[in-house]
Structures are given as structure tokens and as C-alpha cells.
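Asks: Each protein sequence line maps, in turn, to chains A and B.
Letter by letter, the first sequence follows residues 0 to 301 of numbering that gives the first Met the number 0.
Letter by letter, the second sequence follows residues 0 to 329 of numbering that gives the first Met the number 0.
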Amino acid sequence: MNFIGGIIDGVLLGGYYAMIACGLSFMFGVMRIINLAHGALAIVAAFGLWIIADRWEYDPFLALIIVLPVMGVIGWVLQRGVLERSARSGELIPILSTFGLAIVLENGLFEYFGADVRSLAPYVGSLSYDSFDIGGSYIGELAILTFVAAILLLGGLQLFLTYTPLGRQIRATAEDPDTVELVGVNSRFVNSVAAAIALVTVGLAGLFLGLRTNFDPYSGSLQLIFAFEAAVIGGTGSLWGTLRGGIVLGVAQTLGANIHPEGFLLAGHGVFLLILVGRLYISGPTLQTFLRSKIGGVFRAS
Amino acid sequence: MPLDSKITIQRWTGLSVGVAVAVAAVFVILVVGPSFLSGTALDRLTVLFIYVCLAAMWNALAGYGGMISAGQQAFFGLGGYLAIRLSEWGVEPYLALVAAALLAGLAALPISAIVLRLRAGEFAIGMWVVAEVVRLLVNLDPIIQGDTGRSLIALSAFDAAQRRDFTYWIALGSMSVMLAVIFFMLRSRLGSSIQAIRDNEEAAASVGVKVAATKRIIFMTAAVGCALAGGLWLATFTTFQPRSFFSIQWSAYMIFMVLVGGIGRFEGPILGAIIFFFIELWFGSAGVWYLIVLGLTALVFSLFLPKGIWGYVEDRFHVLLLPVGYRVRT
């Protein structure tokens, strides 16, 4: 096999994982909720883009102008209608409500779109298979574009959180939602904005998912798992941790795929479990405190 | 209330003693079921017993232990797979089914070392990853032939009626044993410990509850129960296919049954399983719409009736049918 090529592919694949992980990790950081419908929502976005591209022949990149705001609205409604209410019954109930939502979304998509696999690749010309020849190994243009987009997304989010008033309010609410109320921040509003932002990133991830690979109504659960793995592997320090985590996951998967047909998934899950064990038993605290410190790190960094 | 008034701690009420007697009577009638029930009725009851077992296990984990798992299909599938594996090595099929469940319980030990350190949502997805890993590993075994799957061939040694009766009895036995295990576990000191952990892990640890050991016992018990259910599912439908046995749908069913019946109530999952059983019987053929309605019901219950039907009834009418808690009487 081409070892170097595998690593480069894996690193670039990590860009996609960072993109899908950052919304999950952002939501967890601010609302302390792990949204089990995260993957299903990315598929909703992908189908949204697909239908616009297929029916009205818009370029999927252009279709983002419609889909991203819609995803933002979905995020807002999700927060107000589901997350906020279920979080009142304790930290376990949002897991159940978002799981229920994921089942509704997946099967709703299946009812409407059927079992056919779809892809956004046919609507972007030759982008999905064009590649650069770098010293004998071919690197896909789309993979590089995805990676660059991930960096822009993470960087943009970081700048937003660091320098804008709203960003500061989000960071403060993540620290302590009750105390921020005392200084005049409407934490309910801030949480809804954060959910909307998270879902916009999910929409973007949906685009690159659809360009990169085939998807069907049930593809979401695997995306949720990848997002979770990348976020956990990511490590402490900054939002860029999700990029690191995504890269580790992507490299493990592409190298694993070269060893055995099942190796893609097994190597990814394996690296995730290994890092998890290492972190749990070496650093001591539960993952919750670990993830909190990570998110805290994101927001304090600057 | 003056301090010197007589306070007694009540565990059984008159009603619950009556219910316990009724449960025993129902059990005896079910045991002799094959002598008067039709084949179809026996098959359906077997499925119901499997559902009750699954729901009770999921409730023990989530309702009492605070561990919401999206990956109990790991053990359901493992129970089915190990039963096939043991049977291929020459173990008598029904024995293989029980042995497989115990082995799956053992496999839960190393798994618990990783996942029990995770909290809430992380545990839920962590278990999902575990289920995926177990599925991929099982797929590596050549006898499974990838997604084609494998049948429990040894069962063909029995004629159809005999097989139906055996499976029915083992399902009834498994369900009863697992329910009894959970019932007495929850009534014991362990029951108080696990609920204390669910409500606040740090506080529980600070008053001397052995957090890790307690969670591990519940986790392993639930693994055995789910694996038994998987083995019985295999005995009922004879073919093991990794995709269907390790499907996330099993978690969806368990969540539905427990959430609708009443999470954290002993009676809840039994009620939920019966409701689910009839919904499936009547609407299961509706395919995708049936799944949409299941998901929607789970969503609506989690938002508006998070204690489920039995939780509502219990709060409203203060009835305890099968008491696992304590009641203060003055």
C-alpha cells in the first residue's frame, strides 16, 4: 500500500470529522447535552441539499444559502421545543428525547426518500474525482477543500466566541447559566443561539458528507459515532482539539482499511477505545470533567 | 408530626401481598400453558417474555442505575452469536443458549471497565460504539458468513412442537429469574446504593457507597439478561444475522417500553413491554410509519410524561404492586 498516501488521506478525512464533531462538542459545552439526533440532522441537511440540487438544479454549494439558515431555525426550535423542556427533568431525559427524535427523523426520511443511496457528487461537476498529483500520490481536490473548510469553520467559530459580545455571552453561559442571568444575560436566548449555531455547522457537515460519500436515511448513526469519537479523542486545550481528534480518527481508519476490509471501522473504534482507556485511567477524572475542562479551555483561550 | 409518634417502615402493603400471590398464580398458569394454548399463542407469549426481559434489564440500568444505554444490542447480539458458536462446538442448543448468556455476562466485565467511567450521554454513545465493535468482531468469525448469517442448525434435532414448548418454557423461566433477580437486588442494600448513585454519584461515594462495584453488578446482570433475550430470539427465529441482532432498533424498543411503561418503577417495564407487544402485533406491519410513531411516542413521553404511565398512576393513586422501596407509615 501507499503508506504516505494513506496518511495524507486520513489527515484530510479528519477535516470532515472535525466539522461534524464541532457542533456536537459545542452543544455539549454550552448546554451540557449530547444530542443523539446529531447524525440524523446532518443527513436531513444532506437530503435538503440533494433535493434542491436535484429538483431545481442548483449547485449544492449555492443551496447552502437556503439550507444553512433552515438548519439554524431547526436548531432554535430544537432547543426551545425539545432540549430545554427535557433538560428540566434531569440530565438523562434529553438523551431519550433526542434518541426518539433521531428515530423519527431517520424513518421520516426513509418514508419520503426511500432506501436508495444518494450523493451530492453528481451535482458539482468533476470536483469529487479531480485530484492533484503530488510526487506520485494523488490527492483529491474535494478532500483538500473539506479540510480547508473545516479550518475556516473552526477558526471562524473561535474568532466569534472570542471577540463578539454574543460569543462572550455564550462562553459565560457555558460557565454558569444561573450567574450570567444576574448580570443581565438572557441565558435562554443564548442557549437557543448556540443551538442554532451548532445546527448550522451540522448543515455544513451535511454538505461535505454528501459530496464525499453516498448516504441513505439511516447513515446518521455512524456519523454521530464518528463525531463523538473525534470529539473525545480531541484532547484538551482548544476547539482545534476536534481537528486533532478528527485527524487521529481519519488516519486510523484509512490505515486500517488497507489492512483488512473491516479495518476502516475497527481501527477507528479501536483507537477511540484505546485513547479513552488511557485517558480515563491515567488522568483520573471522569470524561465529563475532562470534556468540560476542554470546553472551558476553548472559551478561556484567547 | 411529633417525634415520639409511632413510625414504622413499611415494605409490603396488603395490596402488594395480594399482587404477589396473583403473580405466583399467573406464573403457574403460564407454566402449564403449552397444555392448553395454541402454537401461535405460545410463539407470541415467547416474544412477550423476551420483551419483558429486555425492558426490565434496560430499566434496571437506566431507571435505577442512571445508565442510559444506546448499546444493549451488544449483549443481545452476543447472546445469539455465542449460542451459535457453542452449538457449533457440539454443546446441546438449549444449554448453549444459557451458557452463552453467562459468557456474555463475563464479557461485560472488561467492557464495564471502560464504559462505566462515562457519564450520561457519553455512556449512551460509548455503549453504542461498543455494540458496533462487538458486531464487527463477530463478523470476523467465518461461520457467520458476513451479513448472510447462520442458523442454529442443532435445533432441527427437535420436532417443531417440542421446540416451541422448550423455547416457551426457557423464555418464561429466563424472564421470571431475571425479574426475580432484579426485584430482590433492588430490595437489598444494593438497590439503595444504586439509586443513590443514580441521584448523585459523588454524594453516594461520600457516604460510603462502593460506586464502581455497584454499577458493575447492575451492568453485568443487565448484560446476562439481554444476552438471554438474544439467545431466545435466536431459538424462536432460528437465524442469526449480525445486522438485525446488533441493530440499534433493539435499543429503540427498550427505550420505548421503559419510557412509556414508567422508568425507575419495577412495574413500569412490564407494562411497557405489554403495550409494545400489542402495538407491534397490530401495527408492526405498517413498517416505517410504525417506527416513526414509536420514536414520536418516546419523544412525547420524555417531554410531557417522563415518569411514564406507571409513574403517573403511582404518583396519583399511591399504589405499590411489587414493592422494591420503603414507605414511611405513621
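Ideal Cβ placement from N, Cα and C applies to all residues, glycine included.
1. How big is the Cα-Cα spacing for residue 166 of chain B and residue 48 of chain B?
2. Consult DSSP for residue 233 of chain A and reduce its assignment to one of helix, strand or coil.
3. Please give me, in chain order, every unbroken run of the alpha helix (DSSP H) with length at least 4 that falls completely inside the segment 78-115 of chain A.
4. Could you check which residue in B/300, B/203, B/123 and B/45 has the C-alpha nearest to that of residue 229 of chain B?
5. Since residue 42 of chain A is in the beta strand (DSSP E), which residue starts that stretch and which ends it?
6. Taking 7 Å as the threshold (beta carbon to beta carbon), is residue 49 of chain B in contact with chain A?
7. Please tell me whether residue 10 of chain A and residue 246 of chain A are closer than 7 Å, where the distance is taken between their beta carbons.
8. What residues match up with residue 139 of chain A in a beta bridge as DSSP calls it?
9. What does DSSP give as the partner residues of residue 238 of chain B in its beta bridges?
10. By Cβ distance, which residues of its chain are closer than 7 Å to residue 124 of chain B, with the 5 residues on each side in sequence left out?
11. Ignore the nearest five residues each way along the sequence and tell me which others in residue 168 of chain B's own chain have a CB closer than 8 Å to its CB.
12. Would you give the residue range spanned by the alpha helix (DSSP H) that residue 186 of chain A belongs to?
13. Could you compute how far the alpha carbon of residue 280 of chain A sits from the alpha carbon of residue 230 of chain A?
14. Please check if any C-beta of chain B sits within less than 7 Å of the C-beta of residue 106 of chain A.
15. Look at residue 100 of chain B and residue 64 of chain B and say whether their C-beta atoms are less than 7 Å apart.
16. So residue 66 of chain A packs on residue 40 of chain A, CB below 8 Å; how close in whole Å?
17. Just to confirm, does residue 31 of chain B get its C-beta within under 6 Å of one of the non-hydrogen atoms of the ligand SAM?
18. Considering only the beta carbon of each residue, do residue 56 of chain B and residue 224 of chain B sit closer than 7 Å?
19. Listing by chain order, which chain B residues have their CB less than 7 Å from the CB of residue 117 of chain A?
20. Does the Cβ-Cβ distance between residue 239 of chain B and residue 149 of chain B come in under 7 Å?
21. Taking the C-alpha atoms as reference points, what is the distance between residue 281 of chain B and residue 275 of chain B?
22. What's the C-alpha gap between residue 316 of chain B and residue 309 of chain B?
23. Report the residue ranges of all alpha helix (DSSP H) runs contained in full by the segment 144-188 of chain B; include only those spanning at least 4 residues, in chain order.
24. What does residue 43 of chain A touch in chain B if you count any residue whose Cβ is under 7 Å from its own?
25. I'd like to confirm the pairing. Which residues does DSSP put opposite residue 117 of chain A in its beta bridges?
26. Please report whether the beta-carbon of residue 249 of chain A lies at a distance below 7 Å from any beta-carbon of chain B.
27. Answer yes or no: does any C-beta atom of chain B fall closer than 7 Å to that of residue 255 of chain A?
28. Would you verify that the beta carbon of residue 278 of chain A is, or is not, closer than 7 Å to some beta carbon of chain B?
29. With a threshold of 7 Å between beta-carbons, can residue 132 of chain B be considered close to chain C, or not?
30. Any Cβ of chain B within less than 7 Å of the Cβ of residue 96 of chain A?
31. Tell me which same chain residues have a C-beta within less than 8 Å of the C-beta of residue 199 of chain B, skipping the five on either side of it?
32. Touch check for the segment 89-98 of chain B and the segment 243-256 of chain B: three-plus C-beta pairs under 8 Å?
33. Does residue 84 of chain A get closer than 7 Å to chain B when you measure Cβ to Cβ?
34. For residue 93 of chain B, count neighbouring Cβ atoms within 10 angstroms of its own Cβ and tell me buried if that reaches 16, exposed if not.
35. Measuring alpha carbon to alpha carbon, tell me which of B/133, B/288 and B/108 ends up nearest residue 268 of chain A.
36. Between B/41, B/67 and B/24, which has its C-alpha nearest residue 161 of chain B's C-alpha?
Replies: Straight from the coordinates:
1. 11 Å
2. coil
3. 83-86 and 92-112
4. B/45
5. No beta strand (DSSP E) contains residue 42 of chain A, which is instead part of the alpha helix (DSSP H) from 37-55.
6. no
7. yes
8. A/130
9. B/150
10. 69
11. 30 and 33
12. 186-211
13. 18 Å
14. yes
15. no
16. Their Cβ separation, rounded to whole angstroms, is 12 Å, which puts residue 66 of chain A and residue 40 of chain A out of contact at 8 Å.
17. For the ligand SAM, the structure offers nothing, since it holds no ligand at all.
18. yes
19. Simply none; closest approach about 17 Å.
20. yes
21. 10 Å
22. 10 Å
23. 159-186
24. Result: empty, since nearest Cβ-Cβ is about 14 Å, beyond 7 Å.
25. A/214
26. no
27. no
28. no
29. Checking the listed chains, one finds no chain C in this structure; the protein chains it contains are A and B.
30. yes
31. none
32. no
33. yes
34. buried
35. B/133
36. B/41
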